[in-house]
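Some notes on the structure that comes next.
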Ligand SMILES: [Zn+2]
């Protein structure tokens, strides 16, 4: 008892000091508390009066957890929710320390715990969730050397024999099988056919192999990347029938879709986020939240500006990212290193008051990382297109691969035309909204054009 | 391959507003011209043998840091001055530039002594002089514009009117916001308030230093670099400031 209180107290003190120092207080308080009381997370997680929900997967777990948290808050529940990025045990412990009182008795209704795939077995040793939601398992962003299969096996083993519910993406062959041989209850979400499907995958196939028999998976349709309507020609493994089905999907100027009897609209962008919405709604329905509350909460929920919104223009994904200081730029370049696809990098550098008049910060960032991101072209734009072009050149980008297009629209179009598999649209604050508008417009007109040609060929 | 040695004085203390970009620029350009370039970081308390160096670079820093640097550099000042007199290139930005003069008097009356290489002084004022700046300089032998960004509370005044400023201010504040002078130039030394960083967008100034380095070593600068991107960036700022 005393140990618990000391752990909480010290954790809170560390949290408070870090806050005063203006530092991130997402991991260290939890680490300190766990040193004092190894079972602190176990103990504090018992204060959740309703349910604990664990959210994991390669992509989309932050957006999905934020949306689910938004829905539960809309309903008026008190929740514990760890912060994006702080998704190991220490970060999750920090979230509980921060929310609890000094005696460690304060009750919360729900805990939404976002965590890395590899962390799931460890987490299950300490907390007892009712529900584990899995967004997707993308192989190409993880290790290519069987790491993912290993992780999936570990998750499966850790679930075995526990009474919990799995909320699974029915469209991902890497995820949909997860309940088999575990005895867990499985709930599936997935899309029926949409206007945005393709019969051929654009991505270079690295081969998606059947988890049961090793044969290559075939697809009837692709929704997004490896997510789609799939089957194994050898053993017959195929999408399970979803309990929560997304249909009537529109990605024009935001997202609208129907999920069972719900009508959802959101100002998020891209198919990718439609999956996050579908996942969050499925979980909320399973927790018994009313349709109106869910619809309202999602409608209100705005994407944090520049948080990696994805647009698809003529089949080429374009990811919009806000960059505003050396740390942020370094983080972005790091993220780009993990995406192995070839890419065109667009960078809009403005020097308006809200951006900071002084653009010299680009020299304090390690732009040299660009050499490890598999880029095709670097397109420099914005009021200070010259400055970012010079920075790129001195970071080691060959002059031949630097294109200066000061006007944002010309620059973005150049990035989409270039041969990279994907485009990253980096922008400082005052160019961000213009960039987003341009991307949105291009996405709308591109998909209108595609439909036009489709119906023509049907004639 | 010849190796050029550039000392970066007190990189942990003196590095504001991307000033390290000046070194990235010199190093890359030297490489492109066919020379190796070794940047030597020098920390507080280290003894420096200036005679083995081809150039010295000092970035900007806050008042507190300037004081630490002064005390450390003071004991080696004579040796440094000998090299400056013999034509060693030196680039000092902002706080380091102020350090080359007699003193800096802060707004609350605190005196910080400088190395007194030149007879000028600096006085702190409440209002900081912040913004893009463009100068005209003749350090390279012909009239060239120089663009950058200044951000300083100090006003620098020359006592000795034979001192030569680095350039004449076309737009911006410069040394003191009044007499249109900016920085100081002496032989192959330049002291200036310009961040930005200075050299990448002003390749003529970068090459001024490189020429001086090579000449001192009896080496020749061969070939020309393609500076279209650098010149574009230069012209972009120039257009913004002069509206031409
Ligand atoms: Zn199979």
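Protein chains in written order, with this note's numbering: chain A, 518 to 976; chain B, 13 to 256.
Heads up, the beta-carbon is just placed ideally off N, CA and C, and yes, glycines get one too.
Which residues of the segment 923 to 943 of chain A have a Cβ closer than 7 Å to any Cβ of chain B? Give them in chain order. Going along the segment 923 to 943 of chain A in chain order, one finds no residue with a Cβ nearer than 7 Å to chain B.
Could you spell out where the beta strand (DSSP E) holding residue 818/A opens and where it closes? Taken as a continuous stretch (DSSP letters only), residue 818/A belongs to no beta strand (DSSP E), as it is neither H nor E.
Distance, Cα to Cα, residue 22/B vs residue 82/B? Here the C-alpha atom of residue 22/B lies approximately 11 Å from the C-alpha atom of residue 82/B.
Can you find a C-beta in chain B that's less than 8 Å from the C-beta of residue 887/A? Not closer than 8 Å to any Cβ of chain B, the Cβ of residue 887/A fails to qualify, so no.
Please classify residue 750/A: is it buried, with 16 or more other beta-carbons within 10 angstroms of its beta-carbon, or exposed? Around the C-beta of residue 750/A, fewer than 16 other C-beta atoms lie within 10 Å, and the residue is accordingly described as exposed.
Comparing alpha-carbon positions, which option in 62/B, 109/B and 156/B lies nearest residue 98/B? The shortest Cα separation from residue 98/B among 62/B, 109/B and 156/B belongs to 62/B.
Residue 915/A to residue 906/A, Cα distance in whole Å? Taking the straight line from one Cα to the other gives about 11 Å.
CA-to-CA distance, residue 957/A to residue 982/A, given in whole angstroms: Outside the modelled stretch of chain A, which goes from 518 to 976, sits residue 982/A, for which no answer is possible.
Spell out whether any CB of chain B is found under 8 Å from the CB atom of residue 903/A. Yes, residue 903/A lies at the interface with chain B (some Cβ there is under 8 Å from its Cβ).
When the Cα atoms are used, what is the spatial distance from residue 684/A to residue 530/A? Looking at the two C-alpha atoms, the distance is approximately 37 Å.
For residue 557/A, the nearest candidate out of 612/A, 953/A and 817/A (CA to CA): Ranking 612/A, 953/A and 817/A by Cα distance to residue 557/A puts 612/A first.
From the DSSP output, read off the bridge partner residues of residue 834/A. For residue 834/A, the pairing in a beta bridge is given by DSSP as 829/A.
Residue 727/A by DSSP, collapsed to three states: which one? DSSP, reduced to helix, strand and coil, places residue 727/A outside both helices and strands of the structure shown, so it counts as coil.
Examine ligand 1 and report whether any of its heavy atoms sits within less than 7 Å of the Cβ of residue 983/A. There is simply no residue 983/A to check, as chain A begins at 518 and stops at 976 in what is shown.
Beta-carbon proximity of residue 162/B to residue 142/B, cut-off 8 Å: Less than 8 Å divides the Cβ of residue 162/B from the Cβ of residue 142/B.
Roughly how many angstroms separate the alpha carbons of residue 692/A and residue 913/A, rounded to a whole number? If you take the alpha carbons of residue 692/A and residue 913/A, they lie about 40 Å apart.
Secondary structure of residue 904/A, DSSP reduced to three states: DSSP, reduced to helix, strand and coil, places residue 904/A within a helical segment of the structure shown.
For residue 797/A, the first and last residue of its enclosing alpha helix (DSSP H): Taken as a continuous stretch (DSSP letters only), the alpha helix (DSSP H) holding residue 797/A covers 787 to 803.
Residue 184/B and residue 877/A closer than 8 Å at C-beta: The answer is no: Cβ separation not under 8 Å.
So which residues of chain B does residue 910/A contact, with C-beta pairs closer than 7 Å? Per Cβ cutoff of 7 Å: 241.
Straight-line CA distance for residue 771/A to residue 818/A? Counting only the Cα atoms, residue 818/A lies some 12 Å from residue 771/A.
Can you determine whether any heavy atom of ligand 1 sits closer than 7 Å to the C-beta of residue 732/A, and answer yes or no? Answer for residue 732/A: yes, Cβ within range of ligand 1.
Using 10 angstroms around the beta-carbon of residue 14/B, count the other beta-carbons present and answer buried if the total reaches 16, otherwise exposed. Exposed.
Does any heavy atom of ligand 1 sit closer than 7 Å to the C-beta of residue 736/A? The nearest non-hydrogen atom of ligand 1 is 7 Å or more from the C-beta of residue 736/A.
Alpha carbon of residue 563/A to alpha carbon of residue 796/A, nearest angstrom: Rounded to the nearest angstrom, the two C-alpha atoms are 26 Å apart.
With a CB to CB cut of under 7 Å and the five nearest residues on each side skipped, what residues in its chain are close to residue 716/A? Non-local beta-carbon contacts of residue 716/A in its own chain, meaning distances under 7 Å to residues more than five positions away in sequence, involve 738 in chain order.
Please report the straight-line C-alpha distance between residue 32/B and residue 619/A, rounded to a whole angstrom. Each residue's Cα considered, the two are about 47 Å apart.
Within its chain, find whatever has a CB closer than 8 Å to the CB of residue 815/A; leave out the 5 residues flanking it on each side and keep chain order. These residues qualify, in order along the chain: 584, 587, 588, 781, 782, 783, 794, 797 and 798.
What residue does the beta strand (DSSP E) around residue 53/B start on, and which one ends it? Boundaries of the beta strand (DSSP E) around residue 53/B: 48 to 54.
Kindly indicate which three-state DSSP category residue 228/B falls into: helix, strand or coil? In the structure shown, residue 228/B adopts helical secondary structure according to DSSP, grouped into three states.
Grab the span of the beta strand (DSSP E) containing residue 158/B for me, first residue to last. Start and end: 156 to 170.
Could you give the distance in angstroms between the alpha-carbon of residue 66/B and the alpha-carbon of residue 606/A? Between the alpha carbons of residue 66/B and residue 606/A lies a gap of roughly 53 Å.
Compare the Cα-Cα distances from residue 633/A to each of 614/A, 621/A and 599/A and report the closest residue. If we check each option's Cα against that of residue 633/A, 599/A comes out closest.
For residue 699/A, collect the residues of the same chain with a Cβ closer than 7 Å to its Cβ; drop the 5 residues on either side in sequence, then sort them by chain order. Contacts found: 673, 676 and 677.
How is the alpha helix (DSSP H) around residue 583/A delimited, first residue to last? First-last of the alpha helix (DSSP H) with residue 583/A: 578 to 591.
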